[in-house]
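Numbering (the numbering used here), first residue to last: 13 to 796.
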């Protein structure tokens with residue numbers, strides 16, 4: 013029996029503290045509503061009873077088992093048994109109250125006259141019954157008859173063996189036998205009535221004859237099924253709410269929710285399905301079933317399933333076999349998996365959007381679930397929806413954090429790689445220049461030419477490395493235009509064919525009508541070469557194949573989310589370059605690092621090939637997908653955005669220098685004395701007159717003094733006091749038609765874009781040879 017506890021102030025009965033049970037006995041929602049009231053004054057029905065109880069308390073210091081009528085907040089009159097003790101030091105009274113209404117009603121029923129008893133017997137909403145000493149029913153009231161949907165004549169004369177299962181009937185018999193011994197019994201029993209479990213609160217008293225002998229059992233049973241279920245549902249909802257806070261991940265939370273729900277409904281067959289809007293399929297983060305299985309990571313198309321029916325309906329659905337047959341005939345659903353006899357599902361929502369379904373089903377009991385289970389599953393669906401949304405937000409946060417970390421990492425490594433490449437290009441300029449001059453000065457048959465050629469080849473190799481680093485840093489572009497990817501691949505493959513081992517079979521599957529991409533053709537060729545070489549090297553000493561394929565594919569957000577740099581792109585169609593090898597494959601850890609500069613799995617590798625690919629792809633607004641598994645090879649797919657209609661390349665200006673009187677004079681502006689001296693010698697060999705300036709300040713001063721003493725300027729970008737851009741603007745202010753050729757270790761586009769308009773007349777990327785120097789100056793003079 014539920015016991016209410018309370019503590020009141022002695023002087024006036026003000027309730028100082030109590031539990032929820034005490035408040036609920038008096039018809040209040042909880043302890044906070046009872047605290048502050050006067051007890052028993054505010055609720056005791058008979059003031060005389062209350063005064064007598066207070067007198068006994070003052071006299072004896074305690075009152076035990078005092079029973080009186082009390083009025084609940086809703087007006088209902090109940091009987092309470094009160095036991096309290098007086099604490100004179102604290103000035104308070106503390107004790108317990110118990111609801112003995114049922115027992116008192118039973119006693120009253122026996123004491124009252126037959127008419128009075130009959131009136132209560134006939135009108136009570138609780139089930140009232142009388143049994144003889146053989147425990148056969150002799151009287152049953154209308155409430156009991158209605159519960160069993162029977163008749164009085166059908167129930168009178170039978171025993172509990174004919175109403176309940178053997179176990180329940182035996183338990184009831186034990187209680188009745190104790191009552192026949194003269195005891196009053198009160199118990200809570202769960203009994204199955206017409207296939208449904210009911211919870212009864214029952215009070216039984218001995219029925220005596222005129223001389224006091226026990227001749228039977230009189231009882232009152234209150235059906236508290238809904239109250240008990242409501243309390244259980246409330247406990248379950250609280251437990252689900254706690255689990256949503258404490259569960260470590262989504263799968264754990266769903267498993268805990270399933271366990272909590274199992275106390276109220278059957279969750280043997282229970283699953284959660286998430287809807288994927290782009291593909292129209294479902295994935296199952298949690299699936300428990302007696303017969304069917306699903307792949308944990310698979311996305312299944314279920315267009316006519318009951319799961320999709322709930323999503324389309326947008327509301328909870330309880331279906332039996334007959335309902336399914338009707339829906340199937342209407343073309344709404346089709347059988348998917350094992351046929352069930354009952355199915356209950358509720359939608360998972362995010363705002364107005366339905367993101368999935370949670371469902372339970374029965375394969376053998378068509379009455380396992382009822383309409384009242386819908387709200388319970390709906391509440392669980394709401395909690396799961398919140399958890400899924402929270403997981404989505406956390407995943408997005410992690411993606412953004414990873415994107416920021418990757419961007420910061422690539423930016424810092426890009427700055428480092430670009431700076432190293434720039435400095436190396438300056439150093440290589442000295443090597444190329446000195447080698448070229450030496451070759452010019454030596455006799456044609458000198459054996460030293462072989463050594464000079466070797467020097468130039470080594471410098472070429474070093475220059476290729478710097479171009480890889482510039483590509484990774486996003487500073488390797490020369491000129492962007494409309495590029496036919498398939499055509500560039502054919503060009504690259506022709507130059508690569510002779511350098512690949514004979515054990516490598518190179519296969520092409522190139523779409524001929526690809527839309528153009530906006531890119532630097534030289535970068536695209538570099539990217540293709542790096543990917544093919546990397547794929548060929550993955551074969552090692554074994555024979556194998558490398559397939560290069562191009563196509564156009566639509567890419568949705570789910571696909572782009574898996575790609576490197578894909579989170580920065582929007583859904584749409586992309587030109588795809590796919591390179592597949594039959595090599596050794598990679599582990600997941602290797603895939604994570606494969607685009608880092610200087611990372612290589614090969615003993616002799618430099619770790620710049622794929623880093624350059626990443627830089628080129630990022631610079632061109634693309635993304636990369638990798639599919640690799642140890643022992644099964646690797647497929648790299650580069651997604652490149654499609655540009656607009658192909659444009660014709662601009663007509664090049666004539667490169668023939670215009671006629672000039674006398675020798676052409678070139679001013680070399682560079683703060684590096686070695687480069688300055690070497691360039692002067694190279695220009696001299698080309699037939700130009702040369703003047704030099706240590707930096708931009710000196711160059712501007714020279715032109716200010718003699719504006720037409722020089723015909724063109726070869727300008728370094730990085731100098732103290734004045735940068736290349738500042739020097740350029742200063743020179744044009746003095747002489748707007750002065751041709752200026754810019755020299756830099758960075759690419760043409762990254763360098764020229766910094767100048768704005770008008771642009772320099774020419775560009776030389778370090779390191780350059782003597783012939784390239786002469787061609788650049790002559791072209792600038794022709795355009796100037």
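All C-beta atoms, glycine included, are put in the ideal place defined by N, C-alpha and C. These numbers were taken from a predicted model, which means no experiment stands behind them.
Residue environment, residue i, which counts as buried when at least 16 other CB atoms sit within 10 Å
i	result
residue 594	buried
residue 661	Bear in mind that a pLDDT of 36 at residue 661, under 50, signals an unreliable position, so the number given afterwards is only what the model happens to contain. Exposed, by the Cβ-count rule.
residue 373	buried
residue 321	buried
residue 564	exposed
residue 146	exposed
residue 101	exposed
residue 752	buried
residue 407	exposed
residue 263	exposed
residue 417	exposed
residue 833	This structure cannot speak to residue 833, because the chain is shown only from 13 to 796.
residue 460	exposed
Close-in-space but distant-in-sequence residues of the same chain around residue i (CB under 6 angstroms, 5 per side omitted)
i	result
residue 312	293 and 294
residue 465	none
residue 505	none
residue 198	215
residue 251	272
residue 663	Reliability fails at residue 663, whose pLDDT of 33 lies under 50, so the model's placement of it is uncertain and no value is given.
residue 470	none
residue 192	226
residue 452	697
residue 144	150 and 228
residue 196	217
Range of the contiguous alpha helix (DSSP H) that encloses residue i
i	result
residue 786	782-795
residue 621	621-631
residue 319	318-325
residue 715	708-717
residue 155	154-159
residue 691	685-697
residue 797	Nothing can be reported for residue 797, as the shown portion of the chain is limited to 13 through 796.
Residues that residue i bridges to, as DSSP identifies them
i	result
residue 443	Bridge partners of residue 443: none, in fact.
residue 143	149 and 229
residue 81	91
residue 517	557
residue 262	Residue 262 is not bridged to any residue.
residue 644	The partner list for residue 644 (beta bridge, DSSP) is empty, contrary to what the question assumes.
residue 774	753
residue 408	Its beta-bridge partners do not exist; DSSP assigns none.
Continuous beta strand (DSSP E) stretch holding residue i: start and end
i	result
residue 739	No beta strand (DSSP E) holds residue 739; the alpha helix (DSSP H) holding it covers 736-746.
residue 105	104-111
residue 138	Unbroken run through residue 138: none, as it is neither H nor E.
residue 529	529-532
residue 604	Residue 604 -> not in any beta strand (DSSP E); alpha helix (DSSP H) instead, spanning 600-605.
residue 172	It is not in any beta strand (DSSP E) - residue 172 carries neither H nor E in the DSSP assignment.
residue 21	15-21
residue 753	752-756
residue 705	701-705
residue 507	Per DSSP, residue 507 belongs to no beta strand (DSSP E); it is in the alpha helix (DSSP H), 497-508.
residue 593	584-593
residue 724	724-728
residue 330	329-332
residue 677	677-681
Sequence-distant residues of its chain with Cβ nearer than 7 angstroms to residue i (five each side left out)
i	result
residue 500	533, 536, 537 and 540
residue 716	746
residue 732	683 and 707
Cutoff 8 angstroms; reference residue i; Cβ partners in own chain excluding five residues on either side
i	result
residue 112	79, 91, 92 and 93
residue 134	153 and 154
Can you give, in chain order, each stretch of the beta strand (DSSP E) that sits fully within the region 193-230 and has at least 3 residues?
197-205 and 208-220
Which full runs of the beta strand (DSSP E) of 3+ residues lie inside the region 338-387, going along the chain?
354-362 and 365-374
Ignoring anything shorter than 4 residues or poking outside the region 267-294, list the alpha helix (DSSP H) runs there in chain order.
none
Which runs of the beta strand (DSSP E) fall wholly inside the region 17-82 and span at least 3 residues, in chain order?
27-30
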